[in-house]
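Asks: There's a structure below that I have some questions on.
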Amino acid sequence: EDQVTQSPEALRLQEGESSSLNCSYTVSGLRGLFWYRQDPGKGPEFLFTLYSAGEEKEKERLKATLTKKESFLHITAPKPEDSATYLCAVPNQAGTALIFGKGTTLSVSS
Amino acid sequence: DAGVIQSPRHEVTEMGQEVTLRCKPISGHNSLFWYRQTMMRGLELLIYFNNNVPIDDSGMPEDRFSAKMPNASFSTLKIQPSEPRDSAVYFCASSEGQGTLDEQYFGPGTRLTVT
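Heads up: the sequence lines are chains L and R, in that order. Per my numbering, residue -11 is the first one in the first sequence, and the count goes up by one each step. Per my numbering, residue 42 is the first one in the second sequence, and the count goes up by one each step.
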């Protein structure tokens, strides 16, 4: 069964305290892994797509990496405005649905 | 572009009533997705349309749920009759291409409460 698991469920950081979020997946023939950010009361907002093991992408304080079994979202020197829920997702085998993890809720305090 | 537009933003209804959620995708996008988000189950795909045709409706919970896309700029998700367990946030998303390999743009969601 295609599955996406994210950890931790919640993460509290001090401003400037770097950390990583994990997304592990089980799907045959990975065709891409997506990271989204969701703010309270809003829809998810696209961040990155990774296609192959070893690929990395960066956006401001965020860097996403991909291996054959998992992806990491590294947050360097976070700021309070980085507080949000971060979701990862992979397409199912048929390519007709995105399977989302339950997300990691990040809180950054100043 | 205004992004994906959903209405209403909030809906409170009584069990047994019919509920209709509406979505206007981004102009020019060929794919449209309806999702449901709950604390217990997270974000789940209900149905996926490509070029107004339903491609994957395996996520539709049961016959009480139905979705239509009469044209490229409008889709509805209907629940009849509604039940308390249908309470959730329903999102519509659209993307340019076919399938799920393109970036999806989500609307602000409709928060449905069934009492």
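Don't be surprised by glycine CBs; every beta carbon is placed ideally from N, CA and C. Keep in mind that this is a model prediction, so the values were computed, not measured.
Run through DSSP, which three-state label would residue 174 of chain R get?
Replies: Shown here, chain R extends from 42 to 156; a query on residue 174 of chain R therefore has no answer.
Asks: Could you spell out the range, first to last residue, of the beta strand (DSSP E) harbouring residue 24 of chain L?
Replies: Residue 24 of chain L -> beta strand (DSSP E) spans 21 to 26.
Asks: So which residues on chain R does residue 34 of chain L lean against when the C-beta distance must stay under 8 angstroms?
Replies: 144, 145 and 146
Asks: In its own chain, which residues sit with a C-beta less than 6 angstroms from the C-beta of residue 116 of chain R, not counting the 5 before and 5 after it?
Replies: 64, 73 and 110
Asks: Kindly indicate if chain L contains any beta-carbon less than 9 angstroms away from that of residue 163 of chain R.
Replies: As displayed, chain R neither begins before 42 nor continues past 156, which places residue 163 of chain R out of reach and without an answer.
Asks: By DSSP's criteria, residue 109 of chain R is part of a beta bridge. Which residues make up the other side?
Replies: R:117
Asks: Which residue from L:72, L:36, L:71 and L:15 puts its Cα closest to that of residue 47 of chain L?
Replies: Of the candidates L:72, L:36, L:71 and L:15, the one whose C-alpha sits nearest the C-alpha of residue 47 of chain L is L:36.
Asks: Roughly how many angstroms lie between the CA atoms of residue 142 of chain R and residue 70 of chain L, to the nearest whole one?
Replies: So the two alpha carbons sit approximately 26 angstroms from each other.
Asks: With distances taken Cα to Cα, identify the nearest neighbour of residue 114 of chain R among R:56, R:91, R:99 and R:155.
Replies: Selected option, being the one with the closest Cα: R:91.
Asks: Rounded C-beta distance between residue 144 of chain R and residue 34 of chain L? I'm assuming under 8 angstroms.
Replies: 5 angstroms
Asks: Indicate whether at least one CB of chain L lies closer than 9 angstroms to the CB of residue 45 of chain R.
Replies: yes
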